[in-house]
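Peer 1: Plus 361 on top of the position in the sequence shown (first one is 1) and you've got my numbering. Beta carbons: idealized from backbone N, C-alpha and C, even for Gly. If you're wondering where the values come from, they're calculated on a predicted model, not measured in any experiment.
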Amino acid sequence: MDLLTPDLGLLFWQVVVFLGLFLILRAFAWKPITESLNERENNIQSALDLAEKTRQEMTALKADNDKLLAQARTEREAILRGAKETADKMVADSRVKAEAEGKRILEQAREAMQNERQALVAQMKKEVVTLSLDIAEKVLRKELSDKSSQEKLVNDLVSNSRLN
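So, in structure tokens, the structure goes:
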């Protein structure tokens, strides 16, 4: 016999052992191995799906965040614009009130000056009248200090009244 050619009995037993081992592995090992591979494939697919879902959610969240940020900027600008308008209005109102108050104070000062001027003129007239009367009284007393000048004044007044 040749070393390279196997014997028919050996070949038979090798085929029987191979088929037996194949059936045993198929019954007990093949099913758990394929289930394990399928389970691993499902786990990997679930992880990929979850990653894709998470990526989509992150994209949606980023879009929402960008939208909220834009809205917040718009609101901030509106608030700042409103505050500036309010401040400008307050300044303008204060300016108008200050001008009106200034005009009112100026008018009061003019009226007070006019009243003081009128009071001063009235006081001066009163003093001039009083002074004139005092002077006239002194002049008349001096002129009428003797009896002859008194008679002359009476005669002149009487003659002037007949003419009128």
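Does DSSP put threonine 366 in a helix, a strand or coil?
Peer 2: If DSSP states are grouped into helix, strand and coil, threonine 366 belongs with coil.
Peer 1: Going straight from the alpha carbon of arginine 401 to that of glutamine 375, what length do you get?
Peer 2: Roughly 35 Å between the two C-alpha positions.
Peer 1: Would you report the Cα separation of serine 397 and threonine 415, rounded to the nearest angstrom?
Peer 2: Their backbone Cα atoms lie some 26 Å apart in a straight line.
Peer 1: On the three-state DSSP scale, how would you describe aspartate 454?
Peer 2: Aspartate 454 falls in the helix class under three-state DSSP.
Peer 1: Under 7 Å between the Cβ atoms of glutamate 505 and glutamine 511?
Peer 2: With the sequence shown as reference, residue 505 is identified as leucine, and glutamate is not the correct amino acid for it. Yes.
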